[in-house]
Amino acid sequence: MKLSNTFKILIVSAIVVSLYSCRSIPKKAVAVKPFYKDKYLGKWYEIARIDFRFEKNMNNTTANYSLKDDGKIKVVNRGYNYKKKEWKESVGTAKFVDDENVGMLKVSFFGPFYSGYNVLAIDEGYNYALVAGKNTDYLWILSREKTIPQEIKNQYLEIATNAGYDTNDLLWVEHD
Numbered sequence: 009m010k011l012s013n014t015f016k017i018l019i020v021s022a023i024v025v026s027l028y029s030c031r032s033i034p035k036k037a038v039a040v041k042p043f044y045k046d047k048y049l050g051k052w053y054e055i056a057r058i059d060f061r062f063e064k065n066m067n068n069t070t071a072n073y074s075l076k077d078d079g080k081i082k083v084v085n086r087g088y089n090y091k092k093k094e095w096k097e098s099v100g101t102a103k104f105v106d107d108e109n110v111g112m113l114k115v116s117f118f119g120p121f122y123s124g125y126n127v128l129a130i131d132e133g134y135n136y137a138l139v140a141g142k143n144t145d146y147l148w149i150l151s152r153e154k155t156i157p158q159e160i161k162n163q164y165l166e167i168a169t170n171a172g173y174d175t176n177d178l179l180w181v182e183h184d
């Protein structure tokens with residue numbers, strides 16, 4: 009089967025776009041540096057998020073990160089769908105975009121398709137984190153506990169606003 013040059017260019021372009029689209033970070037956002045992978049591992053409670061279809065109608069949402077034998081990070085997202093009255097779990101893999109010293113990762117729950125996962129803020133003790141996706145449609149505030157101190161919340165909301173997010177879009181997650 010012979011392919012036209014135009015078709016070959018389209019295929020190569022699609023591959024390049026898919027490979028590099030997960031490398032993005034919102035225009036005004038900056039990933040944390042230095043970032044310590046080992047301190048980030050473990051369980052995080054989702055305090056707030058910009059809602060999207062994979063977490064629709066979910067509360068009690070958590071993310072658990074653990075190191076895999078190949079050096080990548082296993083991601084287990086879990087939450088309770090209060091409309092369907094059932095727990096939902098997704099297992100994926102995260103890996104660093106470039107330097108492990110920078111909080112820019114990409115995560116996949118669907119085979120070879122990765123999306124940006126960028127840590128924009130984290131406290132010194134790695135108890136609270138502000139995480140952005142590849143664009144301003146995705147944002148999470150995470151905590152090691154089911155709550156977050158007001159001063160950290162205010163600080164993260166300011167960072168998110170400065171990065172171009174409309175923090176009025178945040179859904180505050182219930183943990184009951």
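Using the numbering used here, you'd call the opening residue of the sequence shown number 9 and step up by one each time.
Just so you know, even glycine gets a beta-carbon here, dropped at the ideal spot from N, CA and C.
Just so it is clear, the structure is predicted and the values come from calculations on it, not from any experiment.
Alpha helix (DSSP H) segment containing Ala168, residue limits
By one-based count along the sequence shown, residue 168 stands at place 160. Note, Ala168: alpha helix (DSSP H), Gln158 to Asn170.
Whether or not the region 50 to 60 and the region 145 to 155 are in contact is what I'm after, with contact meaning three or more pairs of Cβ atoms, one per stretch, closer than 8 angstroms; do they touch?
Verdict: yes, contact present.
Just the Cα atoms here: how many angstroms apart are Arg31 and Glu159?
Within the sequence shown, numbered from 1, the residue matching residue 31 stands at position 23. Within the sequence shown, numbered from 1, the residue matching residue 159 stands at position 151. The pLDDT assigned to Arg31 is 44, lower than 50, so where the model puts this residue is not dependable; a value taken from the coordinates is nonetheless given after this. Using only the alpha carbons, I get a separation of about 31 angstroms.
Host beta strand (DSSP E) of Lys114 (start-end)
Within the sequence shown, numbered from 1, the residue matching residue 114 stands at position 106. Run containing Lys114: Met112 to Phe118, per the beta strand (DSSP E) assignment.
Just the Cα atoms here: how many angstroms apart are Val110 and Leu138?
Residue 110 sits at position 102 when you count from the first residue of the sequence shown. Residue 138 sits at position 130 when you count from the first residue of the sequence shown. So the two alpha carbons sit approximately 14 angstroms from each other.
Range of the contiguous alpha helix (DSSP H) that encloses Tyr48:
Residue numbering aside, residue 48 sits at position 40 when the sequence shown is read from its first letter. Where Tyr48 is concerned, the enclosing alpha helix (DSSP H) stretches over Lys45 to Tyr48.
Where the beta strand (DSSP E) containing Gly87 begins and where it ends
The sequence position of residue 87 within the sequence shown is 79, counting from 1. Note, Gly87: beta strand (DSSP E), Ile81 to Asn89.
Return the CA-CA distance between Glu182 and Asn67, expressed in angstroms with no decimal places.
Here the question's residue 182 lines up with position 174 in the sequence shown. Here the question's residue 67 lines up with position 59 in the sequence shown. For Glu182 and Asn67, the distance between alpha carbons rounds to 5 angstroms.
Please classify Phe60 as buried or exposed, where buried requires at least 16 neighbouring CB atoms within 10 angstroms.
Residue mapping note: residue 60 aligns to position 52 of the sequence shown, counting from 1. Phe60 comes out exposed.
Nearest-angstrom Cα distance between Leu49 and Ser74?
As a working mapping, residue 49 is identified with position 41 in the sequence shown. As a working mapping, residue 74 is identified with position 66 in the sequence shown. Rounded to the nearest angstrom, the two C-alpha atoms are 5 angstroms apart.
Have a look at the DSSP bridge pairing and note the partners of Ser151.
Here the question's residue 151 lines up with position 143 in the sequence shown. Answer is Tyr53 and Tyr136.
Residues in its own chain within less than 7 angstroms of Gly172 by CB, not counting five upstream and five downstream?
Position 164 of the sequence shown, counted from the first residue, corresponds to residue 172. The answer, listed in chain order, is Pro34, Lys35, Lys36 and Thr144.
With C-beta atoms as the reference, is Lys80 less than 8 angstroms away from Lys103?
As a working note, residue 80 is residue 72 in the sequence shown. As a working note, residue 103 is residue 95 in the sequence shown. Their beta carbons are under 8 angstroms apart, which means Lys80 touches Lys103 by this criterion.
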